[in-house]
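All remarks here apply to the structure that follows.
2 protein chains.
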Amino acid sequence: MHSMLEGTPAESGLRERKKRATRAALVEAAVRLAVERGVENVTVDAISAAAGVSTRTFFNYFDSRDEVFVMVGADAGHRVRRAVLAAPPELSPLEALRDALAAELEEVEQQQELWCLHAEVLRKAPQLLARRIGAHMADELGLAETLAERMGAGSPLFTEERPDFASPEEEERRRALGLYPRLLAAVGGTAVRVAVEHWSVRQGETAFADVFRETFEHLTTGLTLPQQYPVPADGA
Amino acid sequence: MHSMLEGTPAESGLRERKKRATRAALVEAAVRLAVERGVENVTVDAISAAAGVSTRTFFNYFDSRDEVFVMVGADAGHRVRRAVLAAPPELSPLEALRDALAAELEEVEQQQELWCLHAEVLRKAPQLLARRIGAHMADELGLAETLAERMGAGSPLFTEERPDFASPEEEERRRALGLYPRLLAAVGGTAVRVAVEHWSVRQGETAFADVFRETFEHLTTGLTLPQQYPVPADGA
DNA sequence: ACGCAAAAATGCAGAGCCTGCAAAAATGCA
DNA sequence: TGCATTTTTGCAGGCTCTGCATTTTTGCGT
Chain F
1 MHSMLEGTPA ESGLRERKKR ATRAALVEAA VRLAVERGVE NVTVDAISAA AGVSTRTFFN
61 YFDSRDEVFV MVGADAGHRV RRAVLAAPPE LSPLEALRDA LAAELEEVEQ QQELWCLHAE
121 VLRKAPQLLA RRIGAHMADE LGLAETLAER MGAGSPLFTE ERPDFASPEE EERRRALGLY
181 PRLLAAVGGT AVRVAVEHWS VRQGETAFAD VFRETFEHLT TGLTLPQQYP VPADGA
Chain S
1 MHSMLEGTPA ESGLRERKKR ATRAALVEAA VRLAVERGVE NVTVDAISAA AGVSTRTFFN
61 YFDSRDEVFV MVGADAGHRV RRAVLAAPPE LSPLEALRDA LAAELEEVEQ QQELWCLHAE
121 VLRKAPQLLA RRIGAHMADE LGLAETLAER MGAGSPLFTE ERPDFASPEE EERRRALGLY
181 PRLLAAVGGT AVRVAVEHWS VRQGETAFAD VFRETFEHLT TGLTLPQQYP VPADGA
């Protein structure tokens, strides 16, 4: 819970595998039931029954009924952070983040079916969408840490020496960076969200990669009004 | 629910005033109780009792217990959109948005006490923070509409003629703008959030206006690595 | 001032959510 | 196989939330 990047190793005891299976079964059952009969009409009892466990067990896996609907791809943040750290050093922080996110999104395209069902559920349930965004925010803090580390200091993560506390020099460098890493992480996450939303209402009309590229071009050009679509000379 | 900017008129019948008072009393009671004994230990019964109404009445005002904790400043989005439309036409969209947000944040500084209590509550309750972000997202959609309008077309809002549907030409212009307005609205909201968070952990160390300015400078310079704080020559 | 219709508040029953606790089943290992 | 640990399960009980019928309050015409 305290040293930062060891949340999702591939531990493969029978115990661990079974827990993963149960968790996945609950998530999938929940999403399918939600698509079928609407989120509000899916009780914890029904989800548990469909997944073949008791009601009480459901709450051993999720803190609330709603949480099961926002737990698709919960480990994406983890992979993004690894990718940021592994990025070629000649890339700017924003470029490194962009490429890391792009790589993760390619992964997602391969689990398309579950993701599409999931998106359908969220679209019809604003309250769950809100929770989803909140989940992203948790990742955001960690991502800001990782970005700060890439820019300003040695690697407190992945080192044996002092995984929990940075050296005074590292602290100093982070302070000097100000809110930049935090802002970069937050804006990056926001960009992904907007790109996905924009693309999902134009399904098939454009490749997602193009939407993604356009989004980050806006960011790198300081969010200026796109030149190719000027406003008309005068309002009417 | 369909024509866009008429959410908060100052209707002043006795009925309306009493409803506003009851709503405000519930919100304030909830926040104070939460600061006093922790969010999780505040029941709807307690909030209702403190506000002098029945438990059942609470649910006539809020859809859920949690909602009462995220309803501080629910009409800010409305004012921001008006400010965006009223901004001098020589400002770029990003500048107009920046100034509109800055103006709103000055308003907030005057209700400081309740906001600080509220911030304290949210800091200790991630799940509520998530809901809060979700609430902001609802505003985001409307803000994107308003920005698109300012940039690309006449004013479908505030006109008598066709408040619900844009003309074909307006539609065309919006399509040409692509995801830019949406991205601008989302990034603007994110910037405010990051600025507030960054400032609130450095309370008193810096003026909020400075943090806010720095944040938007990052955005206008394409989120490049700040020049005044270069990374050291080589990692160690 | 009075009474009436609309709106709001209330009590209550009932379904669903969620938690602690202790007993029972499953698992990993010597 | 036998034992320690982990996981699942049932159950009691409190809290959240909704629909419905009833009572109280408000706005307004007379």
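Chains as they are written, first to last, in UniProt numbering: chain F, 1 to 236; chain S, 1 to 236. Yeah, the Cβ is synthetic: ideal placement off N, Cα and C, and Gly gets one too.
Considering just the uninterrupted stretch of the alpha helix (DSSP H) at Asn-60/F, what are its terminal residues?
First-last of the alpha helix (DSSP H) with Asn-60/F: 55-61.
Is the CB-CB distance between Leu-184/F and Ala-191/S below 8 Å?
Not closer than 8 Å, so no.
My understanding is that Ala-87/F touches Asp-99/F, with C-beta atoms under 8 Å, so please give their C-beta distance in whole angstroms.
Yes, they are in contact, since the Cβ atoms of Ala-87/F and Asp-99/F sit about 6 Å apart, within 8 Å.
So, is the C-beta of Val-187/F closer than 8 Å to a C-beta in chain S?
Judged by the 8 Å Cβ criterion, Val-187/F is in contact with chain S.
Cutoff 6 Å; reference Ser-64/F; Cβ partners in own chain excluding five residues on either side
Answer for Ser-64/F: no residue qualifies.
Taking only three categories from DSSP, how would you classify Lys-19/S?
Three-state DSSP puts Lys-19/S in a helix.
At 4 residues or longer, what runs of the alpha helix (DSSP H) sit wholly inside the region 58-101 of chain F?
Segments of the alpha helix (DSSP H) lying fully in the region 58-101 of chain F: 76-86.
Cutting at 8 Å between CB atoms, please list the residues of its own chain near Leu-26/F, excluding the five before and the five after it.
Leaving aside the five residues that flank Leu-26/F on each side, the residues in its chain whose CB is nearer than 8 Å to its CB run, in chain order, Ile-47, Ser-48, Ala-51, Val-53, Phe-58, Tyr-61, Phe-62, Val-68.
Beta-carbon spacing of Phe-212/F, Leu-117/F below 8 Å
With a cutoff of 8 Å on beta-carbon distance, Phe-212/F and Leu-117/F are scored as not near each other.
If you compare alpha carbons, which of Leu-147/S, Leu-143/S, Asn-41/S is closest to Leu-91/S?
By alpha-carbon distance to Leu-91/S, the top candidate from Leu-147/S, Leu-143/S, Asn-41/S is Leu-147/S.
Sequence-distant residues of the same chain with beta carbon closer than 7 Å to Lys-18/F, five excluded per side:
Result list for Lys-18/F: empty, nothing under 7 Å.
Let me make sure I understand the geometry here. Which of Phe-216/S, Glu-205/S, Gly-152/S, His-218/S has the alpha-carbon closest to that of Leu-225/F?
Nearest of Phe-216/S, Glu-205/S, Gly-152/S, His-218/S to Leu-225/F, Cα basis: Gly-152/S.
Between the Cα of Leu-179/S and those of Asp-45/F, Ala-103/F, Leu-223/F, Arg-81/F, spot the shortest distance and give me the residue it belongs to.
Distance from the Cα of Leu-179/S is smallest, within the candidate group Asp-45/F, Ala-103/F, Leu-223/F, Arg-81/F, for Leu-223/F.
Local Cβ density within 10 Å of Ala-34/F, reported as buried at 16 or more and exposed below that:
Burial is judged here by how many other beta carbons sit within 10 angstroms of a residue's own beta carbon; Ala-34/F has at least 16 and is buried.
Starting from Gly-134/S, find everything on chain F with Cβ-Cβ shorter than 8 Å and list it in chain order.
Contact annotation for Gly-134/S against chain F: Pro-126, Gln-127, Leu-129, Ala-130, Arg-131, Ile-133, Gly-134 [CB-CB distance below 8 Å, chain order].
For Leu-179/S, the first and last residue of its enclosing alpha helix (DSSP H)
Element bounds for Leu-179/S: n/a, residue is neither H nor E.
Verify the CB distance criterion: does Met-151/S have a CB-CB separation below 8 Å to chain F?
Output row for Met-151/S: interface = yes.
What three-state label does DSSP hand Arg-202/F in the structure shown?
Three-state result, Arg-202/F: coil.
Does the distance from the CB of Ala-130/S to the CB of Arg-193/F come in under 8 Å?
No, these two residues do not count as a Cβ contact at 8 Å.
Compute the distance between the beta-carbons of Ala-96/F and Val-80/F, then report whether it is under 8 Å.
Contact: no.
Proximal chain S residues relative to His-198/F, where beta-carbon distance stays under 7 Å
Those within 7 Å of His-198/F in chain S are Leu-179, Arg-182.
Would you say Arg-193/S lies against chain F (beta-carbon separation less than 8 Å)?
Interface residue, yes.
Below 8 Å on the Cβ atoms is my contact criterion, and I expect Gly-73/F with Val-108/F to pass it. Report the Cβ-Cβ distance as a whole number of Å.
Confirmed, about 7 Å.
Taking buried to mean at least 16 other C-beta atoms within 10 Å of its own C-beta, is Val-42/S buried or exposed?
Burial call: buried.
is_contact[Glu-120/F, chain S] using C-beta, thresh 8 Å:
Chain S contact via Cβ: absent.
Is Arg-32/F close to chain S? Criterion is C-beta to C-beta, closer than 8 Å.
Put simply, the CB of Arg-32/F is far from chain S, with every gap to its CB atoms at 8 Å or more.
Am I right that Ala-103/S and Ser-200/S are in contact with their C-beta atoms under 8 Å? What's the rounded C-beta distance?
Not a contact, Cβ separation roughly 20 Å.
Limits of the unbroken alpha helix (DSSP H) element including Gly-134/F:
Where Gly-134/F is concerned, the enclosing alpha helix (DSSP H) stretches over 126-152.
Find the nearest neighbour of Leu-114/S within the set Glu-16/S, Val-70/S, Ala-209/S, Phe-208/S, judged by alpha-carbon distance.
Taking only the C-alpha atoms, the option nearest Leu-114/S is Val-70/S.
How many Å lie between Ala-195/F and Asp-45/S at the Cα?
Distance between the alpha carbons of Ala-195/F and Asp-45/S is about 43 Å.
Let me confirm a value: Thr-215/S is counted as buried when at least 16 other C-beta atoms fall within 10 Å, else exposed. Which label applies?
Result: buried.
Look at Gly-188/S and Leu-128/S and say whether their C-beta atoms are less than 8 Å apart.
It is not a contact, given that the beta carbons lie outside the stated cut-off.
Beta-carbon spacing of Pro-93/S, Arg-150/S below 8 Å
Arg-150/S is positioned such that its CB atom lies closer than 8 Å to that of Pro-93/S.
Report yes or no: is there a C-beta of chain F within less than 8 Å of the C-beta of Met-137/S?
At least one chain F Cβ lies under 8 Å of Met-137/S.
When you compare each of Glu-205/F, Glu-140/F, Gly-13/F to Pro-181/F by their alpha carbons, which one comes out closest?
Among Glu-205/F, Glu-140/F, Gly-13/F, the Cα nearest to that of Pro-181/F is on Glu-140/F.
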